[in-house]
Structures are given as structure tokens and as C-alpha cells.
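Numbering-wise (the working numbering), the sequence shown opens with residue 2 and increments by one.
Report on the following structure.
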Amino acid sequence: MQNVAIGLLIPFLGTMLGSSLVFFMKDKINIKLQKLLLGFAAGVMIAASVWSLIIPSIDMSEKQGIISWLPAAIGFILGIGFLLLLDSIIPHLHLNSKKPEGIKSKLKNEIILVLAVTLHNIPEGMAEGIILVGMLVPDSGITVASSLVLAIGLSIQNFPEGAIISMPLRDEGLSKAKAFIYGTLSGIVEPIGAILTILLTTSIVPILPYLLAFAAGAMVYVVVEELIPEAQEGNHSNIGTIGFAIGFVIMMVLDIAFG
């Protein structure tokens with residue numbers, strides 16, 4: 002259970018650290034560092050989707066005596082579809098998006114931004130919970146090391162999200178402390194979503210292959226729709242590519258070496 006607690010707290014810590022930038026920076030996070038972090042998180046999540054989620058899903062399906070690729074295919078498509086639906090409802094986020102003019106418009110924009118980041122963390126929390134459940138299930142193929150490395154990848158992804166909440170709120174006149182609190186609270190739904198998912202999935206282990214692939218689809222969607230476009234936008238796109246390669250290789254090596 003200690004590993005589960007650590008896995009729950011690490012991504013939330015990323016949001017908290019990102020929100021804390023409001024105490025140290027007057028402007029946006031350094032663009033090169035931002036692209037490196039986004040690329041690294043994307044690499045970790047893609048590698049984890051394959052070795053920590055899809056492959057274990059296929060292996061578990063074979064052990065259950067069903068068509069090995071079917072749960073992985075269905076779960077992956079459902080994961081993509083779920084976030085596609087979510088993105089059609091929730092405003093899409095960009096780290097460098099422009100704010101509308103006017104006090105009321107700016108305030109409304111910041112409220113939407115907080116709501117959007119908060120709701121976007123729900124499926125990530127679900128994916129995190131599914132992975133932790135898989136870690137607890139014998140012969141699932143998901144190791145403690147891969148679960149913790151994935152949690153670190155999610156934490157890195159959450160870092161700039163915390164910053165884009167707290168720093169604009171500070172610009173709108175909130176104190177640094179309040180901006181930090183609001184930014185941090187935007188990430189609290191992630192461990193809550195993970196805990197609820199753990200409580201629900203412990204009693205439905207037979208569909209775990211579908212859930213593992215669902216988590217993979219959700220994470221791949223986040224990578225393709227958000228992380229990679231942000232890492233490749235504008236100048237210094239090669240830094241994002243380098244970060245992706247480093248993250249992918251590290252996750253792959255750790256998963257294979259400790260799995």
C-alpha cells in the first residue's frame with residue numbers, strides 16, 4: 002500500500018511544484034524548459050502505454066483464454082473516444098494561449114482555465130488508478146517500478162499545468178498564496194479520481210485487460226492532442242523531440258529491466 006500512496010502523490014506533487022512557480026517567476030516558464038518537460042512526459046507516456054498497459058493487457062487476455070488482441074483494441078478505442086468526448090465539452094488548453102481583453106473577460110477566462118485543467122485531470126487520475134490496480138494484481142505484468150516511473154511522467158506533465166493556473170491568477174490581482182492554492186487544488190481531482198478507480202476496479206478484475214488498454218488510449222490521446230503539439234510549436238521544437246527520446250528510452254529501459 003505504501004507504493005500505491007506514493008504513486009498517488011507523485012503526480013499531485015508535480016501540480017504543486019508547478020503552481021509554486023508563482024513565488025519565483027514574474028513571467029511564463031522558460032520556453033526551452035517547458036518544451037523539454039513536455040517532450041519527456043510524452044516519451045514516458047507513450048512507452049508506458051505500450052510496455053506497461055497494452056502488452057500486459059494482451060498477456061492477461063491470453064491467460065483468460067480470450068482473443069488476445071480484442072480487449073486491447075476495444076479498450077484503446079474507448080480510451081481515445083472518452084477523451085475525445087471530454088475535449089468536445091471542456092475548453093481545449095494551450096500553455097501560451099492569449100487572454101481576452103477586459104476585466105470581466107479576463108476573470109471569466111481564468112475561471113474557465115481552472116475548470117478546464119481540473120476536469121482534464123480526471124481521466125489522468127483514472128488511468129493512474131487503473132495502473133496501480135494492475136500493479137496489485139498478481140501476474141498482471143505491471144511492476145512497481147513501471148508504475149512509479151509512469152507517475153513521475155504524469156508529474157512532469159502536471160508541472161506546467163500548475164504554472165498556467167497560478168501565474169495568470171496572480172496577474173489578475175490574486176495574492177501569490179491564493180494563486181498557489183488555486184493552482185494546487187486544480188490537481189487534487191487526480192488522486193481522488195485514482196482512489197475512486199482503485200475502489201471500483203478491485204472488484205472487477207476480469208475486465209482489467211480492457212481497463213489497461215483504456216488507460217493507454219487516454220494517455221496516447223493526451224500525448225497526441227496536447228503534449229506533442231505544445232512541444233513542437235514555434236521555435237526550439239528540437240528540444241521537445243530530444244526530451245521525447247530521453248523519456249521514451251528511460252521508461253522503456255526501466256520497464257524491461259525491472260519487469
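No residue lacks a Cβ here, since even glycine has one placed at the ideal position from N, Cα and C.
Computed from a predicted model, the values in this text were never measured in an experiment.
Span of the alpha helix (DSSP H), counted from its first residue to its last, around residue i
i      : result
Thr242 : 238–259
Asn4   : 3–20
Ile68  : It is not in any alpha helix (DSSP H) - Ile68 carries neither H nor E in the DSSP assignment.
Phe25  : No alpha helix (DSSP H) holds Phe25; DSSP gives it neither H nor E.
Gly1   : Since the displayed the chain opens at 2 and closes at 260, residue 1 lies outside it and no answer follows.
Val223 : 209–223
Pro230 : 229–233
Exposed unless 16 or more other CB atoms sit within 10 angstroms - verdict on residue i
i      : result
Pro207 : exposed
Asn159 : buried
Ala6   : exposed
Leu86  : exposed
Leu213 : buried
Met36  : As written in the sequence, residue 36 is Lys, which differs from the Met given in the question. Looking at its Cβ environment, which holds 16 or more other Cβ atoms inside 10 Å, Lys36 is buried.
Pro101 : Residue placement at Pro101 is flagged as unreliable, the pLDDT there being 40, under the threshold of 50; the coordinate-derived value follows with that caveat. Exposed, since its Cβ has fewer than 16 Cβ neighbours within 10 Å.
Asn31  : exposed
Gly103 : Note that Gly103 scores 43 on pLDDT, short of 50, meaning its location in the model is unreliable; the coordinates nonetheless yield the value given after this. Counting Cβ neighbours within 10 Å, Gly103 comes out exposed, since fewer than 16 surround it.
Gly8   : buried
Leu34  : exposed
Ser176 : exposed
Lys105 : Its pLDDT being 45, under 50, Lys105 is placed unreliably in this model, and the coordinates cannot settle the point.
Ile59  : buried
Val45  : buried
Asn122 : buried
Pro192 : buried
Leu200 : exposed
Glu125 : buried
Pro139 : exposed
Ala246 : exposed
Ala164 : buried
Ile178 : One point to set straight first is that residue 178 is Ala, not Ile, in the sequence displayed. Ala178 should be labelled exposed.
Of the listed residues the options, nearest to residue i (C-alpha basis)
i      : options                        : result
Ala74  : Ile189, Ile165, Ala219         : Ala219
Pro161 : Leu9, Leu38, Gln3, Asn122      : Leu38
Ile189 : Gln3, Glu63, Lys33, Leu116     : Leu116
Phe241 : Val224, Ser187, Gly174         : The sequence shown places Gly at residue 241, not Phe. Among Val224, Ser187, Gly174, the Cα nearest to that of Gly241 belongs to Val224.
Ile166 : Ile199, Ile55, Ala180          : Ala180
Phe249 : Val150, Gly184, Ser238, Phe259 : Val150
Leu185 : Pro12, Asn4, Gln3              : According to the sequence displayed, residue 185 carries Thr and not Leu. Checking every option, the nearest Cα to that of Thr185 belongs to Pro12.
Ala152 : Asp256, Val23, Leu22           : Asp256
Tyr222 : Leu84, Ala164, Ile243, Ile182  : Leu84
Gly154 : Pro57, Ile56, Gly244, Ser21    : Gly244
Phe259 : Ala146, Pro72, Glu226, Thr198  : Ala146
Gly130 : Ile78, Ile90, Lys64, Thr198    : Thr198
Lys64  : Leu209, Ser89, Ser20, Gly194   : Leu209
Ile182 : Asn4, Leu10, Val23, Gln3       : Val23
Leu120 : Ser69, Ala178, Asp172, Gly194  : Gly194
Leu170 : Asn4, Leu10, Ser21, Gln3       : Ser21
Glu234 : Gln3, Leu10, Gly40             : Gly40
Distance between beta carbons of residue j and residue i, contact taken as under 8 Å
i      : j      : result
Ser156 : Leu133 : 14 Å between Cβ atoms; not a contact.
Ile229 : Ala42  : That belief does not hold up - the Cβ atoms of Ile229 and Ala42 are roughly 10 Å apart, past 8 Å.
Ala49  : Met252 : 5 Å
Ala216 : Gly80  : 6 Å
Met136 : Met26  : With 8 Å as the limit, Met136 and Met26 do not qualify as a contact, their Cβ atoms being about 36 Å apart.
Ser53  : Ile143 : 6 Å
Gly76  : Tyr211 : 4 Å
Asp88  : Glu226 : 7 Å
Heavy atom of the ligand SAM within 7 Å of residue i beta-carbon
i      : result
Gly184 : Ligands in the displayed structure: none, and consequently the ligand SAM is not present.
**OP:** Tell me the start and end of each unbroken alpha helix (DSSP H) in the stretch 165–203 that is at least 4 residues and wholly inside, in chain order.
**Re:** 177–186, 190–202
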